[in-house]
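First to last, the sequence lines map onto chains L and A. Each step along the first sequence adds one to the number in numbering that gives the first Met the number 0, with nothing skipped, and position 415 is 414. Each step along the second sequence adds one to the number in numbering that gives the first Met the number 0, with nothing skipped, and position 49 is 48. Idealized CB from N, CA, C, for every residue including glycine. Read through the structure below, which is laid out as structure tokens, and then see the notes.
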Amino acid sequence: MGVKQVKQKEQPKQKEWVRLDNASNIFLAAMSTTDTKVFRLSAEMQDKIDPISLQKALEQTYARYKLYHSVLRRGIFWYYLQHTEIIPKVAPEVLAPCSQLYHFDQKELLFRVIYNQNRVHLEVFHVLSDGTGALWFFEDLIKEYILLRYPESLDEIKKEQIEAKVRHLEDSFVTYFRHNGQQSFTESAQSALRNFARTSKRAAFKYGKKFGRALLTDRTVPTKKRRVYRIKGEKTADNRTKVIELEMPVKKILHLAHQEEATLTIYLIALFFESIRKSKSDFQIRDTIAISVPVNLRQFYPSNSARNFFSTVKLEYTYTQERDPQLKEICVSLAKQMSQQLSKESLERRLSRLISYEYNPINRVIPRPIKDGVLKIINYSNNRNLTVAMSNLGRVAFPQSIDGYVNRLYFHTSAVRPQFSVISHGDQLTISFTSPFIDTDIQQQFVRELTSAGVEVTLAANKTQADELRGDF
Amino acid sequence: MKRCTHCQVSVKGDWDRCPLCHQELKADSKVDSMSPYPDIPLRFDKKKVIQRLMLLSLLIILVVFTLGLFFPSPLGPLRISLFGIMSLWLVALIIIRKRRNIAKGIVYLIVSTSLLCVYLDYMAGWSAWSTTYAIPIICISAIIAMFIAVRIVHLKVGDYILYLLTATLLGFLPATFLFFNWTTWAFPAQLSLLMSMLMFAWIIWRHGKDILTELQKRAQI
Numbered sequence: 000m001g002v003k004q005v006k007q008k009e010q011p012k013q014k015e016w017v018r019l020d021n022a023s024n025i026f027l028a029a030m031s032t033t034d035t036k037v038f039r040l041s042a043e044m045q046d047k048i049d050p051i052s053l054q055k056a057l058e059q060t061y062a063r064y065k066l067y068h069s070v071l072r073r074g075i076f077w078y079y080l081q082h083t084e085i086i087p088k089v090a091p092e093v094l095a096p097c098s099q100l101y102h103f104d105q106k107e108l109l110f111r112v113i114y115n116q117n118r119v120h121l122e123v124f125h126v127l128s129d130g131t132g133a134l135w136f137f138e139d140l141i142k143e144y145i146l147l148r149y150p151e152s153l154d155e156i157k158k159e160q161i162e163a164k165v166r167h168l169e170d171s172f173v174t175y176f177r178h179n180g181q182q183s184f185t186e187s188a189q190s191a192l193r194n195f196a197r198t199s200k201r202a203a204f205k206y207g208k209k210f211g212r213a214l215l216t217d218r219t220v221p222t223k224k225r226r227v228y229r230i231k232g233e234k235t236a237d238n239r240t241k242v243i244e245l246e247m248p249v250k251k252i253l254h255l256a257h258q259e260e261a262t263l264t265i266y267l268i269a270l271f272f273e274s275i276r277k278s279k280s281d282f283q284i285r286d287t288i289a290i291s292v293p294v295n296l297r298q299f300y301p302s303n304s305a306r307n308f309f310s311t312v313k314l315e316y317t318y319t320q321e322r323d324p325q326l327k328e329i330c331v332s333l334a335k336q337m338s339q340q341l342s343k344e345s346l347e348r349r350l351s352r353l354i355s356y357e358y359n360p361i362n363r364v365i366p367r368p369i370k371d372g373v374l375k376i377i378n379y380s381n382n383r384n385l386t387v388a389m390s391n392l393g394r395v396a397f398p399q400s401i402d403g404y405v406n407r408l409y410f411h412t413s414a415v416r417p418q419f420s421v422i423s424h425g426d427q428l429t430i431s432f433t434s435p436f437i438d439t440d441i442q443q444q445f446v447r448e449l450t451s452a453g454v455e456v457t458l459a460a461n462k463t464q465a466d467e468l469r470g471d472f
Numbered sequence: 000m001k002r003c004t005h006c007q008v009s010v011k012g013d014w015d016r017c018p019l020c021h022q023e024l025k026a027d028s029k030v031d032s033m034s035p036y037p038d039i040p041l042r043f044d045k046k047k048v049i050q051r052l053m054l055l056s057l058l059i060i061l062v063v064f065t066l067g068l069f070f071p072s073p074l075g076p077l078r079i080s081l082f083g084i085m086s087l088w089l090v091a092l093i094i095i096r097k098r099r100n101i102a103k104g105i106v107y108l109i110v111s112t113s114l115l116c117v118y119l120d121y122m123a124g125w126s127a128w129s130t131t132y133a134i135p136i137i138c139i140s141a142i143i144a145m146f147i148a149v150r151i152v153h154l155k156v157g158d159y160i161l162y163l164l165t166a167t168l169l170g171f172l173p174a175t176f177l178f179f180n181w182t183t184w185a186f187p188a189q190l191s192l193l194m195s196m197l198m199f200a201w202i203i204w205r206h207g208k209d210i211l212t213e214l215q216k217r218a219q220i
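What follows is the structure, encoded as structure tokens:
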């Protein structure tokens with residue numbers, strides 16, 4: 000590592016900035032004081048957090064992840080990520096969850112590591128990375144922290160290493176931390192799509208040519224006139240995100256999902272739809288509820304880029320007048336839409352659309368403020384056709400020797416509309432609802448659906464109103 | 000830990016009422032019940048801010064109308080108070096929005112205050128005081144202010160140099176006033192020109208390369 004750093008210094012001045020990819024621009028256009036486009040990953044440890052060990056762990060992890068050495072700047076035609084030497088500092092939690100990370104005109108890191116009691120939080124600006132990319136950094140941070148905070152865990156790892164050697168396996172220590180092989184800042188900050196287009200056999204120009212066609216053909220198929228239900232409500236006093244966090248045993252809820260013959264994601268979405276229908280008095284029969292779900296493209300197209308590399312699918316369900324549907328019916332409909340949208344052809348189409356957009360030559364010469372304006376309009380019209388959103392990061396496991404030091408993991412994002420985020424670790428599942436509104440009627444209905452089915456739920460929430468903070472609640 | 004018997008959930012933290020259904024909670028187990036979310040004081044309360052803004056605006060109107068009784072003006076109290084409120088909020092907004100880059104903030108202030116002066120001059124029947132005095136003086140003081148400010152707050156050259164250049168170029172604007180004879184006294188405009196020329200020469204001599212690097216970076220297609 001040290002040798003490499005010296006080598007870099009000897010080279011003539013390197014290019015230290017990378018133009019921001021088009022796909023990430025949408026987050027800047029959609030960013031507001033309510034929806035900061037920041038997401039948070041948290042780990043609950045066995046003991047109170049030791050800030051000194053955490054700082055050391057952060058510095059070591061930061062040194063390996065060049066992408067995180069970025070500040071965001073504005074140019075005439077583009078936003079660009081610029082390399083910075085700022086050293087991140089861990090801090091106690093004094094800001095509301097998912098507080099703004101990027102301010103125009105300020106050179107700040109696009110992530111923060113904070114701690115409170117026995118929790119470590121990593122907050123990341125979505126322009127920098129997506130959930131999966133950030134999870135890599137977070138996992139390594141937690142591993143480093145455990146090794147520093149609990150030196151005895153190192154003995155366990157050595158033991159594992161010896162066992163591995165005996166079994167003629169790969170040196171486990173080498174595979175302990177993620178090596179993404181990206182050394183320079185420009186390489187790690189490069190758009191995932193450009194990396195993908197470059198490394199895959201498809202030539203970039205192919206997508207450039209395709210753009211015109213994509214523009215003409217990628218119109219959404221006109222559907223029957225339907226009203227997408229949109230949730231309205233009173234916003235929190237200082238625009239902070241309202242968080243309702245649920246902890247539950249994963250087995251029980253998986254059992255419930257399997258009863259409905261659905262995956263966990265589909266089951267939770269169906270339950271959320273039903274909670275909206277049952278709790279919202281202005282919800283009308285024949286209304287459609289639409290949800291946007293991000294899909295990690297790395298699971299279909301191998302990429303080791305930590306930049307944004309995902310697409311979203313939109314699932315919807317229209318309620319009919321005849322009768323209240325069974326949960327299973329909603330699950331079946333949602334699962335069908337999901338598999339259609341994740342079919343090979345559909346994914347290919349999505350990816351080529353994203354890449355063609357990235358390589359579109361017209362985009363290059365349009366000044367940034369105009370692009371921002373256009374993206375804002377696109378974002379606004381997209382939002383009009385969505386009721387809610389969800390994101391599932393799945394099951395996270397640490398190496399066996401240190402897994403026991405971590406209790407639960409949590410994940411949530413800032414929100415422009417009510418949404419929920421799911422992550423699990425060990426036998427514990429956590430669902431975090433975030434919303435710009437103070438009302439909790441949908442969440443209440445959701446929780447009651449779960450508890451009445453026999454799931455043991457523990458709840459935590461943040462305070463968002465003056466009366467709650469005064470202790471009148 | 001407390002428990003909501005209506006929602007059937009255990010609740011972490013010092014809540015007296017259920018965060019979901021707002022009904023009273025019952026004490027449950029002995030397990031530690033600290034909330035994982037610390038109490039973060041409100042940064043502001045939207046309702047209060049709007050109330051105060053309304054009150055202040057009403058106060059401005061009241062003061063202007065009262066003063067109008069004693070000091071009659073050709074513009075009328077309504078237009079003056081409207082102008083006052085607008086410029087107050089415009090300047091406040093620029094300062095709040097641009098508080099993180101002082102050099103950029105100064106450029107925005109030069110443009111906005113100059114335009115406000117021209118507008119007021121025009122409304123009051125155009126006596127050319129804005130082009131003779133106000134704009135040249137704003138330009139001169141802005142260049143000096145920026146030159147000092149970037150040193151006090153230790154800004155990096157790359158972060159302010161383009162704005163210092165813009166401010167300097169804006170300082171050449173009074174030349175057009177001289178050319179079209181929009182001034183009643185040439186001296187302030189001439190002084191602004193001289194200041195800008197000196198500053199421009201200094202910037203190119205000291206920071207020509209930095210400007211090229213910044214422009215290359217920011218104007219990349």
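Here's the rule I'm using: 16 or more other beta-carbon atoms within 10 Å means buried, otherwise exposed. How should residue i be labelled?
i         : result
L/Leu-247 : Note that residue 247 of chain L is Met in the sequence shown, not Leu. Buried, since its Cβ has 16 or more Cβ neighbours within 10 Å.
A/Asp-13  : exposed
A/His-21  : exposed
A/Ser-129 : buried
A/Lys-47  : exposed
L/Val-364 : exposed
L/Ala-388 : buried
A/Trp-125 : exposed
L/Lys-137 : The sequence given here has Phe at residue 137 of chain L, not Lys. So L/Phe-137 ends up on the buried side.
L/Arg-276 : buried
A/Tyr-121 : exposed
For residue i, report the span of its alpha helix (DSSP H) as first-last.
i         : result
A/Phe-146 : 134-151
L/His-82  : First-last for L/His-82: 78-82, but that is the beta strand (DSSP E), not the alpha helix (DSSP H).
L/Phe-110 : Not the alpha helix (DSSP H): L/Phe-110 falls in the beta strand (DSSP E), residues 110-115.
L/Ser-278 : 263-278
For a test of the three-state rule: what should DSSP assign to residue i, helix, strand or coil?
i         : result
L/Leu-468 : helix
A/Met-0   : coil
L/Lys-462 : coil
L/Val-456 : strand
L/Asn-378 : helix
L/Asp-286 : strand
L/Pro-360 : helix
L/Arg-225 : coil
A/Ile-210 : helix
L/His-254 : helix
A/Leu-55  : helix
A/Thr-165 : helix
A/Val-48  : helix
L/Ser-187 : helix
L/Ser-431 : strand
L/Phe-445 : helix
L/Arg-367 : helix
Would you grab the beta carbon distance between residue i and residue j for me? Rounded to a whole angstrom, and I think it's under 8 angstroms.
i         : j         : result
L/Phe-110 : L/Val-126 : Actually they do not touch by this definition, with Cβ atoms about 11 angstroms apart.
L/Thr-439 : A/Leu-54  : No, L/Thr-439 and A/Leu-54 are not in contact; Cβ-Cβ is about 32 angstroms, not under 8 angstroms.
L/Thr-386 : L/Ala-289 : 5 angstroms
A/Ile-105 : A/Ala-133 : Not really, about 16 angstroms apart at Cβ, beyond 8 angstroms.
L/Tyr-318 : L/Ile-361 : That pair is no contact at about 42 angstroms.
L/Arg-367 : L/Tyr-78  : 7 angstroms
L/Leu-296 : L/Ile-25  : Not quite, the Cβ-Cβ distance comes to about 16 angstroms (not below 8 angstroms), so this is no contact.
L/Thr-457 : A/Lys-155 : L/Thr-457 to A/Lys-155, Cβ: 49 angstroms. No contact.
Which residue marks the beginning of the beta strand (DSSP E) containing residue i, and which one marks its end?
i         : result
L/Gly-393 : 387-394
L/Val-17  : 16-18
L/Pro-248 : 241-248
L/Leu-121 : 118-124
For the ligand GTP, is there a heavy atom less than 8 angstroms away from the beta-carbon of residue i?
i         : result
L/Gln-340 : This structure does not include the ligand GTP; it has no bound ligands of any sort.
Secondary structure, beta strand (DSSP E): runs of 3+ residues fully inside the stretch 397-427 of chain L: Restricting attention to beta strand (DSSP E) runs no shorter than 3 residues, the stretch 397-427 of chain L encloses them at 405-412, 418-424, ordered along the chain.
Ordered list of alpha helix (DSSP H) runs contained in the stretch 289-349 of chain L, each at least 4 residues: Fully contained in the stretch 289-349 of chain L are the following alpha helix (DSSP H) runs of length 4 or more, in chain order: 326-340.
Within the stretch 61-145 of chain A, ranges of the alpha helix (DSSP H) (whole runs, at least 4 residues): Whole alpha helix (DSSP H) segments, 4+ residues: 76-96, 101-122.
Segments of 3+ residues assigned as beta strand (DSSP E) that fall wholly inside the stretch 23-99 of chain L: Entirely contained in the stretch 23-99 of chain L, the beta strand (DSSP E) runs reaching 3 residues are, in chain order, 37-44, 69-73, 78-82.
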